[in-house]
Structures are given as structure tokens and as C-alpha cells.
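Right, one structure below, let's go through it.
Protein chains: 2
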Amino acid sequence: MSPKHTEVIDCRPGPDDPGCRATREILDRIGDKWSLYIIATLEHGPLRFSELKRLIEGISQRMLTLTLRGLERDGLVTRTVYPSVPPRVDYELTQMGRTLLEPVMALVHWTIAHKEAIVAAHERFDAAPAPEQGPVKGVIYRQR
Amino acid sequence: MSPKHTEVIDCRPGPDDPGCRATREILDRIGDKWSLYIIATLEHGPLRFSELKRLIEGISQRMLTLTLRGLERDGLVTRTVYPSVPPRVDYELTQMGRTLLEPVMALVHWTIAHKEAIVAAHERFDAAPAPEQGPVKGVIYRQR
DNA sequence: CCGTATCCCCGAGGATACTG
DNA sequence: CAGTATCCTCGGGGATACGG
Chain B
3 MSPKHTEVID CRPGPDDPGC RATREILDRI GDKWSLYIIA TLEHGPLRFS ELKRLIEGIS
63 QRMLTLTLRG LERDGLVTRT VYPSVPPRVD YELTQMGRTL LEPVMALVHW TIAHKEAIVA
123 AHERFDAAPA PEQGPVKGVI YRQR
Chain E
3 MSPKHTEVID CRPGPDDPGC RATREILDRI GDKWSLYIIA TLEHGPLRFS ELKRLIEGIS
63 QRMLTLTLRG LERDGLVTRT VYPSVPPRVD YELTQMGRTL LEPVMALVHW TIAHKEAIVA
123 AHERFDAAPA PEQGPVKGVI YRQR
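Those protein sequence lines, which keep their order, are chains B and E. The first sequence begins at 3 in my numbering and counts up one residue at a time. The second sequence begins at 3 in my numbering and counts up one residue at a time.
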């Protein structure tokens, strides 16, 4: 194989090479919808549970808890409990978490910068030539 | 210069403000597992369907087709059919697709660079913690 | 306020078989 | 080879209720 088209993410699954799997698993986690939003929302400093819940529209309490636990386990956020009444829990990016902020925000900003172009592309695509009914000679068609 | 904790991704859901929704939808799509892998795999140039299938380990034919259609609809990849026998179809990043490459690869490389640290964090986390007093960073107590 | 524990549903996505 | 069409499963994730 030429040096060009190699696998970027995976390496070959050697008999005992769990490293590739690890990369995939981690990428799946941080590429996760809610993880991305939580990381991005914690950009400017610590937030408590209820603030996160309010700022991340549409997340359920369950998913917020679960995802935060995952990120904590990954060493990306810290969880700080203040034994006050009522209880208060702060979440904050760790050092490593803040390094993740850069690629994550790059993705977010790319999306914001290109959303009009993408919506336009949708309209173009959806207006594509309708597939002909029945077999027509020499026509390469597409389903809708 | 900080309105500190503003929503980075969403704006408030005005009665008719689909723009925010659009951003979320797009981010969900490109943050998608298979989309990320396809974009990354197309980094160095066009690939045909079967090559993509082979290079992206674990993807089913169905998901490859579906995800490629989505990316094509987004204007991120082009689909080129060569009317040969047997048929041959090439997929290639568009201009816009290549601009996406940068943030995506940043994420991929971050993951590769930090996977050992994350695995280490897992081991630390999974070692049962001892309860502590006062506002302390880290876990106060956790159910198992 | 900050969770955890249950129930339950729906749809992402795999497996398989079939066509141009 | 490059899809499309079905079927079917399995677990992500919402809704709800309760506990510290």
C-alpha cells in the first residue's frame, strides 16, 4: 500500500494491541454530543450542576449526571462538593480538560461559521433531479 | 471582556429562531462517530466505496452509505460515479470538507496524544476513593 | 439541590438477501 | 462493485419517583 491512504485512526488489530481500541473508545466519548456541549459550556470556569442543566438546553438530569461522571472518570473535569445546605456541587475542567477545549471549540466555531453554507447545500441537494421511474438506458440515478 | 457564562452553542429558542437548532443539528452530525472517521479517512484524497469500507473498521455497508449520503447532502463530500463495469464510485472531500479537516484532525490527534493519560485517569478513578470532609476537589463519596 | 433507581420506548444501526 | 430493502435487536436516553 502506498503511504497515502493509511488508516488515520485505527492501527491494525494486532493480537494484543488494545491501544487502537482505546483511541476509538475515547474518540467516541469525547465526540459524544453531550460531552462536547459540557466541555464547551465549562469553557469560562466552574459551574454547578443546576447551571449546567439550565445552560445545556434539552439535556436530561440523567444524561447530565452520567456524562459528567464519564468526564470525571476520564480526568477531564473535577467534581467539588460543598457540604452546605442545600448541597452545592461544582464542576470544572481539569488541566487536561482545558487542553481539550481548543479542538472542541474549533469544531464548534467551524460549525457556526459554516451553517449557512450547509443549509444552502441541503437545499441544493434536496432539489436534485428526481429519479426517473422505471429503468432508463444509460441513466445513473439516485434515490431520494 | 466577559459575560462569563453564556451559552456557547445555543441561543435562546425564540418563537421562530431555527438558527440555533441548525447549529445543534449540524454539530450532532459532524460530531457523529462515523462522520468523523469518514472525514479523517478521506484526508489524503478520494477513495472508493469499498476502500472506505475496508479502512474504517467495523462500519457496516448500510451505515457507510447512509453517512456518506448525509455528508454529500451537507456539501462536505462529492460522489463521482464512473459508468464502468463493474461500477466504481469515488468519494472526495469538497473545498468546505477540507476546511473541516483541520478541527476534526485536531480532535483525533488530541485523543491519540492523551489516551495514556486518560487510561491512567480511569485506573485512578476506579480505585475506590475514601470519603473526606469539607470542600475538597474530587470525589466525596460515590456509590458502586 | 443533587443526585440515584426504575420503567419503558424508540430508533440507530447490524445482518442478511436481492438488484443494476 | 455499489448500493437498496427488510427485518430485528439492543441499548441510549427520556420520564418519573424517591432519597440524602
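Beta carbons are placed, not taken as given, at the ideal position from N, Cα and C, and that holds for glycine.
Contacts that residue i makes with chain E (C-beta to C-beta distance below 8 Å)
{"i": "LEU38(B)", "result": "LEU29 and GLY33"}
Contact list for residue i against chain E, beta-carbon separation under 7 Å
{"i": "THR25(B)", "result": "THR113, ILE114 and LYS117"}
Contacts that residue i makes with chain B (C-beta to C-beta distance below 7 Å)
{"i": "ILE120(E)", "result": "ILE28, ASP76 and GLY77"}
Closer than 8 Å to chain E by CB, residue i
{"i": "LEU109(B)", "result": "yes"}
{"i": "PRO105(B)", "result": "yes"}
{"i": "PHE51(B)", "result": "no"}
{"i": "MET65(B)", "result": "no"}
{"i": "MET98(B)", "result": "yes"}
C-beta neighbour in chain B for residue i, strict 8 Å
{"i": "LEU102(E)", "result": "yes"}
{"i": "ARG129(E)", "result": "The sequence as given places Ala at residue 129(E); Arg does not occur at that position. No, its Cβ sits nowhere closer than 8 Å to a Cβ of chain B."}
Beta-carbon contacts of residue i that lie in its chain and below 8 Å, excluding the five residues immediately before and after
{"i": "PRO48(B)", "result": "THR82, ASP92, TYR93 and GLU94"}
{"i": "PRO89(B)", "result": "VAL83"}
{"i": "ASP34(B)", "result": "THR69"}
{"i": "LEU63(B)", "result": "According to the sequence displayed, residue 63(B) carries Gln and not Leu. Hits under 8 Å: LYS55."}
Cutoff 6 Å; reference residue i; Cβ partners in own chain excluding five residues on either side
{"i": "LYS55(E)", "result": "LEU66"}
{"i": "TYR39(E)", "result": "ILE58"}
{"i": "PRO85(B)", "result": "none"}
Cβ-Cβ distance between residue i and residue j below 8 Å
{"i": "GLY77(B)", "j": "ALA119(E)", "result": "yes"}
{"i": "THR25(B)", "j": "ILE32(E)", "result": "no"}
{"i": "ALA108(E)", "j": "ALA108(B)", "result": "yes"}
{"i": "GLU45(B)", "j": "LEU102(B)", "result": "no"}
Closest Cα partner of residue i within the set the options
{"i": "PHE127(E)", "options": "ALA123(B), SER86(B), THR96(B) and GLU74(B)", "result": "GLU74(B)"}
{"i": "LEU29(E)", "options": "GLU125(B), ALA123(B), VAL106(B) and ALA130(B)", "result": "VAL106(B)"}
{"i": "THR96(B)", "options": "ALA115(B), LEU70(B), VAL110(B) and ALA108(B)", "result": "LEU70(B)"}
{"i": "ARG100(E)", "options": "ARG23(E), THR43(E) and ASP34(E)", "result": "THR43(E)"}
{"i": "ILE41(E)", "options": "PRO85(E), GLU125(E), VAL110(E) and ALA122(E)", "result": "VAL110(E)"}
{"i": "THR80(B)", "options": "LYS117(B), GLN63(B), ARG50(B) and SER86(B)", "result": "ARG50(B)"}
{"i": "ARG23(E)", "options": "GLU53(B), LYS117(B), PRO85(B) and GLN63(B)", "result": "LYS117(B)"}
{"i": "ALA123(E)", "options": "ALA122(B), VAL87(B), HIS124(B) and MET98(B)", "result": "MET98(B)"}
{"i": "GLU27(E)", "options": "VAL121(B), GLU125(B) and PRO131(B)", "result": "VAL121(B)"}
Close-in-space but distant-in-sequence residues of the same chain around residue i (CB under 7 Å, 5 per side omitted)
{"i": "TRP36(E)", "result": "ILE61, MET65 and THR69"}
{"i": "ALA129(E)", "result": "none"}
{"i": "GLU53(E)", "result": "none"}
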